[in-house]
Ligand SMILES: Cc1cc2nc3c(=O)[nH]c(=O)nc-3n(C[C@H](O)[C@H](O)[C@H](O)COP(=O)(O)OP(=O)(O)OC[C@H]3O[C@@H](n4cnc5c(N)ncnc54)[C@H](O)[C@@H]3O)c2cc1C
Ligand SMILES: C[S@@+](CC[C@H](N)C(=O)[O-])C[C@H]1O[C@@H](n2cnc3c(N)ncnc32)[C@H](O)[C@@H]1O
């Protein structure tokens with residue numbers, strides 16, 4: 031059983047914000063921290079020259095072990111902004127097993143002599159400092175030109191399962207004698223496996239264990255004079271073979287000028303936003319009006335249903351929960367209400383499950399908090415029948431307005447009442463046949479197409495995509511009373527907004543019937559009244575209802591990524607029929623410029639933003655913000671692989 035990773039908060043000297051008491055070491059040279067970082071890491075990897083030479087839409091991916099105060103990252107950002115062309119991007123991927131808290135990093139950076147530019151970058155970093163949750167925390171800076179992927183976790187664990195390739199490494203654990211776990215052969219091997227022949231590396235340490243370890247992993251290592259009186263430091267270049275990530279799609283190498291996103295729901299809108307935030311224009315095609323499908327409800331509850339085992343789906347939800355404040359900060363108050371959420375345990379069995387879950391989850395930040403019945407009642411302002419868990423990061427979202435807010439961007443063109451009928455893949459891109467309201471059938475060529483049209487995505491993709499419709503009806507109730515935060519159990523109810531409260535939702539698998547059913551309103555009403563100490567709502571309070579269709583997958587995880595070339599995969603993966611662990615030797619082919627983001631099921635308000643980030647990183651050839659095993663588990667080809675293993679396809 032895969033467990034959740036753990037991290038420990040840094041222990042810092044109360045009298046010296048740059049000294050770790052746990053490691054009895056300094057984060058950097060105390061006499062000249064900036065000069066030291068500049069010489070060892072920036073010049074050691076020839077970054078100024080490499081920044082200058084970046085091309086349009088090219089991302090330079092820099093990996094670091096030991097984020098610490100983030101000073102090296104800040105200096106790299108400053109130099110990148112000085113030297114790189116406007117259209118290039120920097121991705122900084124760093125690990126930190128012992129992160130500082132927000133107060134600690136703010137104090138550490140405040141007490142450094144930074145230039146005005148560095149100070150501004152440092153303030154941005156501190157203002158957006160993550161909670162101490164072991165996951166990859168993604169932050170975008172400077173109009174999306176800089177991406178920080180800060181993995182709170184152990185370097186070896188994170189880098190062994192990294193999804194992507196790095197161009198330059200900065201090895202910056204504490205010194206090897208005090209922090210041996212940051213300089214092991216296993217870590218050097220993981221670094222080598224995520225390098226290519228042009229990848230460089232630099233480090234302050236010239237210890238034998240580092241030199242020999244890097245050489246053994248395939249780096250050609252050179253010694254240079256050390257900084258500030260130290261004898262030597264190391265620079266290196268990877269000379270080994272690039273490990274093939276056989277299953278993994280490679281960067282989209284094509285023009286990025288014409289990107290089509292099919293579907294104007296949460297999936298399409300977050301993806302469009304993720305491209306536009308990076309300065310990349312997109313066109314969204316929606317067969318009706320935005321948010322006319324599942325994303326059209328006026329209230330949805332944003333919370334996670336985590337598993338005791340750290341499954342890919344649970345890791346994704348945990349990561350999404352950790353990001354909500356960051357992603358939703360662009361949404362106005364009438365769209366996102368960060369109230370917290372109550373998840374009640376309605377039976378002893380559920381209570382036992384919640385207890386086990388709380389035991390299994392990382393403890394450094396309160397993602398879920400156990401609450402008694404009276405604590406839960408105090409939190410929501412009404413007497414409840416059950417206790418359960420409080421999810422402080424959760425809240426409720428107006429999905430419809432969220433979609434409209436996201437699509438309202440100068441780089442996003444929205445084509446309403448444009449229904450995609452078919453797609454033809456050619457060497458020059460994908461030709462979409464589109465039915466329009468005014469011009470009839472038209473066709474347009476795109477460099478890249480993203481299928482974000484929920485269950486209808488399967489009509490356009492050759493892969494087996496078992497996207498199942500699950501009909502749901504929400505009921506709108508008159509505000510006769512109120513609650514301070516959403517309550518979830520067998521059903522959910524949200525706090526009042528404009529005099530109305532949403533409750534729901536029914537769950538009817540394999541039905542796409544959009545006709546409202548009055549019996550469903552009664553089911554919803556009954557289910558939420560059962561959460562309360564005494565029934566609070568009656569049929570007289572019913573104002574309205576809305577039916578829409580969720581798109582679910584058999585494993586309840588979304589489908590994210592490039593579309594695999596079905597026939598070639600079946601041919602190369604024949605052996606899966608007899609050996610489920612078979613891994614092919616060569617890279618597997620994908621359909622150029624075709625991606626999918628669908629199957630968000632019942633958690634779309636939570637998972638759509640991280641799903642969009644995974645997708646856009648894949649297109650841009652960036653390292654993904656999730657581990658490779660998570661990417662693999664969410665990939666559109668997983669059902670084909672599953673069918674082959676079961677000898678079905
Ligand atoms: C009743 C109900 C209650 C829910 N409650 C919650 C909740 O409380 N919390 C939560 O997190 N999630 C909830 N969900 C789930 C959430 O709403 C979905 O996960 C999310 O909205 C899915 O977004 P999507 O963009 O993938 O799909 P959709 O919103 O369905 O968007 C797909 C879009 O594609 C368009 N389209 C389809 N085919 C074409 C084509 N050929 N050409 C052009 N456009 C096309 C459709 O018109 C549609 O607008 C609920 C869902 C339902 C149904
Ligand atoms: C020399 S400091 C890094 C300084 C940092 N790069 C900066 O610019 O401030 C070393 C860092 O490695 C971290 N570290 C130590 N062991 C680690 C491990 N196993 N995995 C990830 N980080 C680790 C420490 O917590 C510390 O932040």
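Residue numbers (my numbering): 31 to 679.
All C-beta atoms, glycine included, are put in the ideal place defined by N, C-alpha and C.
Excluding sequence positions up to five before and after residue 325, its CB lies within less than 6 Å of the CB of 295, 296, 429 and 433, all in the same chain and listed in chain order. In this structure, the C-beta of residue 110 stays at least 8 Å away from each heavy atom of ligand 1. With a 10 Å radius around the Cβ and a threshold of 16 neighbouring Cβ atoms, residue 451 comes out exposed. Rounded to whole angstroms, the gap between the alpha carbons of residue 445 and residue 293 is 10 Å.
The C-alpha of residue 594 is placed about 38 Å away from the C-alpha of residue 520. Secondary structure in the stretch 185 to 216: the alpha helix (DSSP H) runs of 4 residues or longer, each lying completely within the stretch, are 185 to 190 in chain order.
Separation of residue 148 and residue 195 (C-alpha to C-alpha, rounded to the nearest whole angstrom) is 28 Å.
With respect to the 9 Å criterion, residue 352 and residue 639 are not classified as neighbours on the basis of their beta carbons.
Under DSSP, residue 175 shares a beta bridge with no residue.
If you check the CB distance, residue 525 and residue 515 come in under 9 Å. Unbroken beta strand (DSSP E) stretches of 3 residues or longer found wholly inside the stretch 233 to 290: 249 to 255 and 262 to 268, given in chain order.
Here residue 418 has 372, 373, 374, 375, 384, 401 and 406 as same chain residues with Cβ atoms under 7 Å from its own Cβ, once five neighbours each way along the sequence are excluded.
For residue 611, the number of other beta carbons within 10 angstroms of its own is below 16, and it is reported as exposed. With a minimum length of 3 residues, the unbroken runs of beta strand (DSSP E) contained wholly in the stretch 110 to 184 fall at 119 to 126, 166 to 171 and 176 to 182.
When DSSP states are grouped into helix, strand and coil, residue 342 belongs to the helix group. Fewer than three Cβ pairs drawn from the stretch 478 to 490 and the stretch 502 to 513 lie within less than 8 Å of each other, which leaves the two stretches out of contact.
For residue 448, the uninterrupted beta strand (DSSP E) segment begins and ends at 448 to 456. Relative to the non-hydrogen atoms of ligand 2, the Cβ of residue 127 comes within a distance shorter than 8 Å of at least one. The continuous beta strand (DSSP E) containing residue 508 extends over residues 498 to 508.
According to the DSSP assignment, residue 473 belongs to the beta strand (DSSP E) that extends over 470 to 476. Around residue 254, the same chain offers 74, 262, 263, 264 and 265 as residues with beta carbons nearer than 8 Å, after the five sequence neighbours per side are excluded. For residue 445, the uninterrupted beta strand (DSSP E) run begins and ends at 442 to 445, by DSSP. Approximately 6 Å separates the beta-carbon atoms of residue 584 and residue 496; this is inside 8 Å, confirming the contact.
Boundaries of the beta strand (DSSP E) around residue 459: 459 to 466. No heavy atom of ligand 2 is found nearer than 8 Å to the CB of residue 141.
Relative to residue 645, the option among 608, 364, 339 and 291 whose CA is nearest is 291.
Going by beta carbons, residue 311 and residue 441 fall inside the 9 Å limit. For residue 301, the closest alpha carbon among the candidates 473, 79, 642 and 158 is that of 642. Taking residue 550 as the centre and dropping the five residues before and after it, the same chain places the C-beta of 503 and 536 closer than 6 Å to its C-beta, in chain order.
DSSP places residue 50 in the uninterrupted beta strand (DSSP E) bounded by 46 to 50. The Cβ-Cβ distance between residue 164 and residue 378 does not fall below 9 Å.
DSSP places residue 420 inside the beta strand (DSSP E), whose first and last residues are 418 to 421. Listed as beta-bridge partners of residue 625 by DSSP are 480 and 592. For residue 575, the enclosing beta strand (DSSP E) starts and ends at 572 to 582. Annotation for residue 200 indicates a beta carbon within 8 Å of some heavy atom of ligand 2.
If you draw a straight line from the Cα of residue 171 to the Cα of residue 136, it is about 17 Å long.
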